[in-house]
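Asks: The opening residue of the sequence shown carries number 3 in the numbering used here; numbering runs sequentially from there.
Quick reminder that beta carbons are idealized off the backbone N, C-alpha and C, glycines included.
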Amino acid sequence: MNEQELRLLLAELAASLFARGYSVGSAGNISVRLSDGYLITPTNSSLGRLDPARLAKLDADFRHVGGDRPSKEVFMHRAFYQAREDAGAVVHLHSTCATAVSCLPDVDASNPIPPLTPYFVMRVGRQMPIIPYYRPGDAAMEPAINTAARDARAVLLANHGPVVAGKTLTDAVCAAEELEEAAKLFLMVRGQSPRSLSAAQVDDLLRTFG
Ligand code: 13P
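1) Would you say the beta carbon of S97 comes nearer than 7 Å to a heavy atom of the ligand 13P?
2) If I measure Cβ to Cβ from L189 and keep anything under 8 Å in the same chain, skipping five residues before and after, which residues do I get?
3) Mind checking E180: buried by the 16 CB within 10 Å criterion, or exposed?
4) How about V92 and V157: do their beta carbons lie closer than 8 Å?
5) Which word fits L60, buried or exposed, when buried means at least 16 other C-beta atoms lie within 10 angstroms of its C-beta?
6) Relative to the C-alpha of S37, which residue among G90, P131 and F82 is closest?
7) Can you determine whether any heavy atom of the ligand 13P sits closer than 7 Å to the C-beta of H79, and answer yes or no?
8) Three Cβ pairs or more, each shorter than 8 Å: is that satisfied between the segment 104 to 116 and the segment 185 to 201?
9) Counting only the same chain and skipping the five closest in sequence on each side, list residues whose C-beta sits under 8 Å from that of A142.
10) Between A55, L49 and K169, which has its C-alpha nearest E7's C-alpha?
11) What does DSSP give as the partner residue(s) for N4 in the beta ladder?
12) Helix, strand or coil, according to DSSP, for N216 in the structure here?
13) If I'm right that P44 touches A58 with Cβ under 8 Å, what's the distance once you round it to whole angstroms?
14) Closer than 7 Å by C-beta to S112: which residues in its own chain qualify, once you throw out the five before and the five after it? Chain order, please.
15) With distances taken from CA atoms, which of P134, R86, A17 and H96 is nearest P107?
Dropping the structure here:
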């Protein structure tokens with residue numbers, strides 16, 4: 003897709019996320035890799051009302067070169083792009099259930115949500131750690147995200163929300179939606195000894211669907 007098509011798609015997918023309650027107010031930010039840099043949502047913008055022409059443009063070194071002032075969390079996106087060659091887009095949300103899981107003190111912080119369903123495994127993968135709390139916009143979280151992102155397509159920022167990478171913009175958005183559903187299921191069945199997929203079933207899904 004060319005830059006203009008990606009601008010339109012980003013605004014369309016962001017509006018869809020907003021309309022369905024995955025993001026409220028001006029929460030969340032989305033970026034996509036271009037051949038010569040990146041597009042990212044402007045800081046303090048609502049995902050429901052983005053102007054495709056005013057998305058912030060960054061060069062290949064993540065410097066602001068066009069459009070409105072970029073998200074204050076450019077470094078969060080940069081951490082994923084620099085850790086993962088396969089990252090073509092990154093979505094950060096404050097979606098309710100994933101954020102709820104990020105607030106739980108008694109979960110396995112290295113991988114809090116078990117593989118309950120195939121699509122969570124297929125979209126998000128085997129591993130999704132919780133990164134310790136940092137203030138939104140605090141660039142100090144970049145090294146922690148970068149390290150985690152080498153082994154994970156998604157992370158949960160403690161008491162803040164998920165950050166999810168995908169090969170394409172559509173993939174990243176689908177993964178963020180699956181993550182939210184998995185978090186909801188996890189909260190629903192927690193304490194009821196739910197059956198998770200076995201290691202062999204997880205391996206089979208990743209072998210088959212990548
Ligand atoms: P920005 O408006 O700067 O992108 O920040 C929104 C956000 O989600 C903070 O976590």
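Replies: So, from the listed chains and residues:
1) No, the ligand 13P has no heavy atom inside 7 Å of this Cβ.
2) Apart from sequence neighbours up to five positions away, the residues of its chain that approach L189 with a beta-carbon distance below 8 Å are C99, A102 and V103, ordered along the chain.
3) When all chains shown are included, E180 counts as buried.
4) The answer is no: Cβ separation not under 8 Å.
5) Buried, by the Cβ-count rule.
6) Out of G90, P131 and F82, G90 has the C-alpha closest to the C-alpha of S37.
7) Incorrect: H79 has no Cβ contact closer than 7 Å to the ligand 13P.
8) Short answer: they touch.
9) Here the set comprises Y136.
10) Looking at the Cα atoms, A55 is the closest of the given residues.
11) Residue pairing by DSSP leaves N4 without any beta bridge partner.
12) It is not possible to answer for residue 216, since the shown part of the chain is limited to 3 through 212.
13) Contact check for P44 and A58: beta-carbon distance about 5 Å, within the 8 Å limit, so the pair qualifies.
14) Answer for S112: P131, listed in chain order.
15) Nearest C-alpha to P107: P134.
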